[in-house]
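Before any comments, here is the structure.
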Amino acid sequence: MSKPKTLFEKVWADHVVVEETADTPAVLYIDLHIIHEVTTPQAFSVLREQGLQVHRPDLTLPTMDHSTPTTPVSTFKDLLVAGEDAANQVRQMEQNCKDFGLELLGFGSGKRGIVHVIGPELGATQPGKTIVCGDSHTSTHGAFGALAFGIGTTEVGHVLATQCLLQRKPKTLAINVEGRLQTGVTAKDLILAVIGKIGVDGGTGHVIEYRGEAIRNLSMEERMTVCNMSIEAGARAGMIAPDETTMDYMSGRPRAPQGADWEAAVARWKNLRSDEGASFDQEVTLDASQLTPMVTFGTNPGMVVGIDEPVPDSADPSFLKAIEYMQIETGKPMTDNKVDVVFVGSCTNGRVSDIEETARILKGRKVADGVRMLVVPGSEQVKAQAEKLGLDKIILEAGAEWREAGCSMCLGMNGDIAQPGQLSVSTSNRNFEGRQGVGARTILASPATAAASAVAGYVADPRNLS
Amino acid sequence: MKPVTQFQSCTVVLPNKDIDTDQIIPARFLTTTSREGLGKAAFYDLRYTDDGSEDATFPLNQAENANCSILVAGNNFGCGSSREHAPWALLDYGLKAVISTEIADIFRSNSLKNGFIPVIVDADIHAWLLDNPGASATIDVETATLSLPGDRVVKFPIDSFARYCLLNGIDQLGFLRKHREQISKFEETRSWKP
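The listed protein sequences derive, respectively, from chains A and B.
Following my numbering from start to finish, the first sequence increments by one per residue and tops out at 466.
Following my numbering from start to finish, the second sequence increments by one per residue and tops out at 1194.
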């Protein structure tokens, strides 16, 4: 009998073209390469310089999300809202896709959106695939039991030219989340608690597998939120074994296998779980029932605290620098802080269920005076679905802005930024200094907490609103 | 890529932990379609104050560090995004290596592909470097060693293939493309098709 294998080891072994040796890394085959305008121009330049073609256009999924305005775009002039360089980058992406024979999901396609939102919604993201993208939040796709990780632009060139990467096999980390989440506590709170526990470098060199009752009970969109932030714990990837929830989500999606292929795929996917007795290099266990809504107070996602707990103190210089930047008082709960901006969106929390949760809180309420709230759907399809449900009306009636799809204020590349000194409650993934604009102070939270904070004008506990 | 073998320099110290890629190069500088000229954006928000003047308290702005090409940084340098613009910016600025107790995976991988050397050391060596800014250090890629004053020589971990490519200035795409036949065979014979 062969040695029990982890989910990661099964997917890895299924994609090794050439085994690794002491002297050389493995040649690993990539099943899906998602590309966007920011991290590919220099890779296409290398292809041009070396006279190379894209090896598998059919396994390459191009879209545009980072440098795109979240105001309507129908002409080139509309792109200039995000700045001239950003507009040129978008135009360069269109040209590169044309020159290399790639089908771009661009403006007017109805399918454009954040790379990590459109892969799953199209059904291109599938269990057991290897998926890469020049974006660290590629870990999102691990929610389906895919091995998915972010790569640099040099590696984007490698995958375009060969559909392969040179990789050393990473280590494995099991995160067991036992018990059930309490009402009002979400997947975002769960992953923030995980990062708070293991630290922003706790997963370095590892692929995480999330396991346990609390993980099994999550919807696919919630699982994506969890896997999305694996990189914020330093991990290359985060995975969750596919189950009935996964199959239900996949079924009928345009790029999912159909007919007899579907039956064969499901049979294969059912084997994608860690065998009984499989060993991990590290294991961590959390009790989901003890978790409360979580918010960050510092300048990395590991500086996190329960919403009704006092902000901790430390004499560590990096900690003190973060507290000074954030202008946060230790020893007091985060709910004492007045809010200027609220952002709902991003590859972490920009899906339909996130917009629904936001609208649920906003319904019949108003965004507090002096607070600017942006709600940015993760994709054109998310936008259309939300509008079909009438969520846009609730959001607009509450006094928030309802925007076009894109990464937007998660990283502020497109002109959607918070002003210096402003406090932003954001459903995105990074509270780094200046991430949402020079001098902007970011608090990471769930959509429910973000919406409750918009209504209160202060960081607020969503459990206090029905 | 030009071969990288050995270099010596004074060290410049940024003691903070978790220096992320948004600090190394803020996202608003990523709208470029070139990899050239990004040095001007390196550590931009740390180098300049709100009015656009240089922040004299930032170590890289201080005259005694002007010629230092080896950075010593707090734990977990390069965490955050996958932007290869980070090592491009550091190299274009004139830096050649970073020494820390931990360096984030994607940044480390990107750095090695561009000839920027990530050097991981233990807590004792790190503490000494933090306490001795400006110390002379020599990084030797061939022997994978960091040499410090007082004849201290410490090994640092580096993937043997990355090291070989650095020493010989080898483009990894060329190496990968030598496997075209195996890749085609894999595509034809695998048990399922993506």
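C-beta: ideal position from N, C-alpha, C; glycine also.
- Within its own chain, the residues whose Cβ lies closer than 6 Å to the Cβ of Glu357(A), once the five positions on either side in sequence are excluded, are Pro447, Ala448, listed in chain order.
- Scanning Gly1037(B), Phe1029(B), Arg1035(B) for the CA closest to the CA of Asp1045(B) turns up Phe1029(B).
- Proximity of Glu94(A) to chain B, defined by a Cβ-Cβ separation below 9 Å, is not satisfied.
- Distances from the alpha-carbon of Glu213(A) to those of Arg365(A), Ala241(A), Lys197(A), Gly202(A) put Ala241(A) closest.
- At a cut-off of 9 Å between beta carbons, Pro317(A) contacts chain B.
- Residues of the same chain with a CB within less than 7 Å of the CB of Ile231(A), apart from the 5 flanking positions on each side, are Ser136, His137, Ser139, Gly150 in chain order.
- Within 9 Å of the CB of Lys129(A), the CB atoms of chain B belong to Pro1194, in sequence order along the chain.
- Taking 8 Å as the upper bound for CB-CB distance, Ala288(A) and Leu190(A) are in contact here, some 7 Å apart.
- C-alpha of His36(A) to C-alpha of Ala86(A): approximately 12 Å in a straight line.
- In this structure, the beta-carbon distance from Glu155(A) to Lys1178(B) does not fall below 9 Å.
- Here the alpha carbons of Cys407(A) and Val115(A) stand approximately 9 Å from one another.
- Around the CB of Phe76(A), fewer than 16 other CB atoms lie within 10 Å, so the residue is classed as exposed.
- Minimum Cα-Cα distance from Gly364(A) among the listed residues Asp248(A), Gly370(A), Ala398(A), Leu374(A) corresponds to Ala398(A).
- In the structure shown, Met303(A) adopts coil according to DSSP, grouped into three states.
- By the criterion of at least three beta-carbon pairs nearer than 8 Å, the region 262-280 of chain A is not in contact with the region 1136-1152 of chain B.
- Between Val117(A) and His33(A), the beta carbon gap of about 17 Å keeps them out of contact (Cβ cut-off 8 Å).
- Ranked by how close their Cα comes to the Cα of Asp416(A), the residues Val17(A), Thr183(A), Pro69(A) have Pro69(A) in first place.
- Pro317(A) and Pro127(A) have their C-alpha atoms spaced approximately 43 Å apart.
- For the beta strand (DSSP E) assignment, the uninterrupted runs of no fewer than 3 residues enclosed by the region 254-308 of chain A are, from N- to C-terminal side, 282-287, 294-296, 304-306.
- Per DSSP, the unbroken alpha helix (DSSP H) holding Gly119(A) starts and ends at 115-122.
- Counting only Cβ-Cβ distances below 7 Å, Asn1065(B) has no contacts in chain A at all, with the closest Cβ about 19 Å away.
- Looking at the DSSP output, Lys338(A) shares a beta bridge with Tyr458(A).
- Taking the CA atoms as reference points, Thr71(A) sits about 40 Å from Ile175(A).
- Here the C-alpha atom of Thr1032(B) lies approximately 42 Å from the C-alpha atom of Arg1152(B).
- Less than 9 Å divides the Cβ of Thr246(A) from the Cβ of Gly145(A).
- Sorting Gly421(A), Val11(A), Asp392(A) by C-alpha distance to the C-alpha of Ser1191(B) places Val11(A) at the top.
- Under the three-state reduction of DSSP output, Glu401(A) falls in the strand class.
- Beta-bridge annotation (DSSP): Val344(A) is paired with Val375(A).
- Lys111(A) is positioned such that its CB atom lies closer than 9 Å to that of Leu105(A).
- Going by DSSP, Asn176(A) is part of the beta strand (DSSP E) stretching over 171-178.
- Put simply, the CB of Lys270(A) is far from chain B, with every gap to its CB atoms at 9 Å or more.
- Separation of Lys3(A) and Ala13(A) (C-alpha to C-alpha, rounded to the nearest whole angstrom) is 13 Å.
- Rounded to the nearest whole angstrom, the C-alpha separation of Val376(A) and Met326(A) is 24 Å.
- At least one C-beta of chain B is nearer than 9 Å to the C-beta of Pro170(A).
- The alpha-carbon of Met250(A) is positioned some 42 Å away from that of Glu1036(B).
- Here the region 164-174 of chain A makes no contact with the region 1039-1055 of chain B; the two share fewer than three CB pairs at distances below 8 Å.
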